[in-house]
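*Asks:* One structure follows; several queries about it will come next.
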Amino acid sequence: MIVVTGPTASGKSSLALKIARECNGEIICADSRSVYKDFDIVSAKSTVDEQKEVPHHLLDVVIPGEDFSVENFKTLAIKAIEDIFSRGHQPIICGGTWFYITSLLGLVSIAKVPPNEALRAELEKKSSLVLFDMLLELNERRAREIEPNNRERVIRAIEIALGEAKDTHDERLCDKYEIEFIIKDMERKELYTRIDARVDEMVKMGLEAEYERNRAKYGPLPIFSSTIGYGEFEENPSRLVAIEKIKQHTRNFAKRQLTWLNGFERSKPTGLTLCHVRTNMNNSTLE
RNA sequence: GGGUAGGUGCCCGAGUGGCUAAAGGGAGCAGACUGUAAAUCUGCCGUCUAACGACUACGAUGGUUCGAAUCCGUCCCUGCCCA
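Just so it is clear: in the first sequence, position 27 is 768 by the numbering used here, and no numbers are missing.
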């Protein structure tokens, strides 16, 4: 099994495609936005032709507005991996949602307590300080790991402390299969140039129209405002300002992805074959 | 030409005599990450210094004052209104 990852706009998708062609591979997209139907341009989904050439999984599996989380991703991805192996093909996980990738592989474990909307709504009313105190009472060790201001995390931790664990699959794929990591890496400056160019390209392809279409089709949704490439049009009356903001936010996002990747490399997980790829490397160095 | 509102750190923007290297936001840099993760959150962020600290700063310049981004004079620039 191969994992191809890297920051946004690093060219990981085309690299994954290239590898897939060479080794009878099928691609599993680990991307929190391309799982949504109609999020085509924003999430830079592979084209229809590319999808015809190489099978892609986990694309268009949810309708905007429906709940979707890592857990769903993991369930679907494990199924896809098994199917791919059963066909004698090679699964290639490709995407920039590092949280999805690590939890799929079992490098990070996710609590088995399902979300409790009623509890969340109740907790949402409380101040961050009160919430943090609650967590300190319930699970001090966990509380120490979370920033008191990170309400989202504190609430989930309380939910876990109060909830009942449900049985879910927790096998570590990283123990079950041999995994090769290919991390696209390049100079920050070059990455940022590529990001700018890609945003311009997306705009040319009709990013704004796609947003308008989805907005009209699904109504106002939180997923729109929290998606780089849509939210900016929502917030800025000026189209040009919105485009600049998209570029900026994409750079910020890439930085966060790099923080993950850097941390991953530093921790040097055992049992994994790590392999770096620089953009100036040619195909043969991928072996 | 007359009137009027202003000129604050990379940007936006608060601040009307000491508590101000100057709120807040953005950007930038670094980081965290157990079911929203393109999300959420943290630290740094004038210059020099490992730090204590020192220095330079609120359009320009000259004053008032023990003390000025804040008060006064002159000049420069910008927006709006009237000619």
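Even glycine gets a Cβ: it sits at the ideal position worked out from N, Cα and C.
The model shown is predicted, which means the values in this text are computed figures rather than measured ones.
Under 8 Å: do the region 763 to 773 and the region 823 to 842 share three or more Cβ pairs, one atom per stretch?
*Replies:* Yes, they touch.
*Asks:* Within the continuous beta strand (DSSP E) that includes K778, where are the two ends?
*Replies:* That residue, K778, is in no beta strand (DSSP E); it is neither H nor E in DSSP.
*Asks:* Can you give, in chain order, each stretch of the alpha helix (DSSP H) that sits fully within the region 798 to 830 and has at least 4 residues?
*Replies:* Qualifying alpha helix (DSSP H) stretches, in chain order: 811 to 827.
*Asks:* Taking DSSP as the reference, what is the three-state secondary structure of P832?
*Replies:* Correct three-state label for P832: strand.
*Asks:* List the endpoints of the continuous beta strand (DSSP E) containing K753.
*Replies:* That residue, K753, is in no beta strand (DSSP E); its alpha helix (DSSP H) goes 753 to 764.
*Asks:* Anyone know if the C-beta pair for I782 and G947 falls short of 8 Å?
*Replies:* Yes.
*Asks:* To the nearest angstrom, report how far apart L903 and V802 are at their CA atoms.
*Replies:* Approximately 31 Å between the Cα atoms of the pair.
*Asks:* So, under 8 Å CB-CB, G747 and K988 are touching, yes? Tell me the CB distance rounded to an integer number of Å.
*Replies:* Wrong, their Cβ atoms sit about 18 Å apart, outside the cutoff.
*Asks:* Are the Cβ atoms of H830 and E767 separated by less than 8 Å?
*Replies:* For H830 and E767, yes; Cβs fall inside 8 Å.
*Asks:* If we ignore side chains and look at the alpha-carbon of each, how far apart do T788 and E794 end up?
*Replies:* Approximately 10 Å, taken between the alpha carbons.
*Asks:* To the nearest angstrom, report how far apart G1004 and R997 are at their CA atoms.
*Replies:* Rounded to whole angstroms, G1004 to R997 spans 11 Å at the Cα level.
*Asks:* Are I804 and K778 close, meaning C-beta to C-beta below 8 Å?
*Replies:* Yes, Cβ-Cβ distance for I804 and K778 is below 8 Å.
*Asks:* Going by DSSP in three states, T1014 sits in which element: helix, strand or coil?
*Replies:* Three-state DSSP puts T1014 in a strand.
*Asks:* Could you spell out where the alpha helix (DSSP H) holding T1000 opens and where it closes?
*Replies:* Counting along the chain, the alpha helix (DSSP H) containing T1000 begins and ends at 980 to 1008.
*Asks:* K986 and N993 - do their beta-carbons sit closer together than 8 Å?
*Replies:* Not a contact, by the Cβ cut-off of 8 Å.
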